[in-house]
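Take the sequence shown: its letters are residues 718 to 832, numbered as in my numbering.
Backbone N, C-alpha and C define an ideal beta-carbon position, used for all residues, glycine too.
What you are looking at is a predicted structure, and each value in this text was computed from that prediction instead of being measured.
The next block holds one structure in the form of structure tokens; read it before the comments.
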Amino acid sequence: MDFISIIQHWLKDPTVEKLIQVCIAILVITLIVRALSNSVPRYIQDNDTRYHLRKTINFIGYGLIFLFAASIFSDNFRQLTVIFGVIGAGVAFALQERGNCQFCRLGCYFFRSIL
Numbered sequence: 718m719d720f721i722s723i724i725q726h727w728l729k730d731p732t733v734e735k736l737i738q739v740c741i742a743i744l745v746i747t748l749i750v751r752a753l754s755n756s757v758p759r760y761i762q763d764n765d766t767r768y769h770l771r772k773t774i775n776f777i778g779y780g781l782i783f784l785f786a787a788s789i790f791s792d793n794f795r796q797l798t799v800i801f802g803v804i805g806a807g808v809a810f811a812l813q814e815r816g817n818c819q820f821c822r823l824g825c826y827f828f829r830s831i832l
């Protein structure tokens with residue numbers, strides 16, 4: 718087999734096609750995020766605000782890359798929304814302060830009464 722037939726054989730594979738789509742999306746999103754991050758100093762003079770805005774732009778870019786890759790590789794969109802919901806709930810629960818969590822207070826009260 719020659720080189721061109723090998724490439725054609727690979728491009729017929731749906732997984733390779735999805736990987737190419739994800740790579741192109743990563744490239745495009747990265748270029749947009751970089752352009753936005755580099756244009757921030759022209760419009761915002763405050764260093765603290767500039768820093769937080771750049772971090773927010775980068776975070777949104779990573780989120781978009783993750784969402785796009787997950788939507789490309791997921792065949793069932795309903796399953797994808799359930800996965801994102803569970804991940805979001807887990808992150809929200811993990812980021813709560815320990816004293817404000819009602820389950821933590823209930824657990825502390827329960828274990829104090831036992832011990």
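If residue i sits next to residue j, beta carbons under 8 Å apart, how far is it from one beta carbon to the other, in whole angstroms?
{"i": "Ala742", "j": "Phe785", "result": "5 Å"}
{"i": "Leu781", "j": "Ile746", "result": "5 Å"}
Ignore the nearest five residues each way along the sequence and tell me which others in residue i's own chain have a CB closer than 6 Å to its CB.
{"i": "Phe827", "result": "Note on Phe827: pLDDT 47, under 50, position unreliable in the model; the coordinate value appears next. Nothing meets the Cβ criterion."}
{"i": "Ile804", "result": "none"}
Classify residue i as buried or exposed, calling it buried when 16 or more other Cβ atoms lie within 10 Å of its own Cβ.
{"i": "Val733", "result": "exposed"}
{"i": "Val750", "result": "buried"}
{"i": "His726", "result": "exposed"}
For a quick check, are the C-beta atoms of residue i and residue j less than 9 Å apart?
{"i": "Ser754", "j": "Ile774", "result": "yes"}
{"i": "Leu770", "j": "Ile761", "result": "yes"}
{"i": "Val739", "j": "Phe790", "result": "yes"}
Go to residue i, then tell me how far its alpha helix (DSSP H) extends in each direction, as first and last residue.
{"i": "Ser791", "result": "Unbroken run through Ser791: none, as it is neither H nor E."}
{"i": "Lys729", "result": "It is not in any alpha helix (DSSP H) - Lys729 carries neither H nor E in the DSSP assignment."}
Going along the chain, which residues of its own chain have a beta-carbon closer than 8 Å to the beta-carbon of residue i, five neighbours each way excluded?
{"i": "Ile831", "result": "Only weak support is given to the placement of Ile831: the predicted model assigns it a pLDDT of 48, under 50, and the value that follows is read from those uncertain coordinates. There are no such residues."}
{"i": "Val799", "result": "none"}
For residue i, collect the residues of the same chain with a Cβ closer than 7 Å to its Cβ; drop the 5 residues on either side in sequence, then sort them by chain order.
{"i": "Lys729", "result": "none"}
{"i": "Arg767", "result": "Val757, Pro758, Ile761"}
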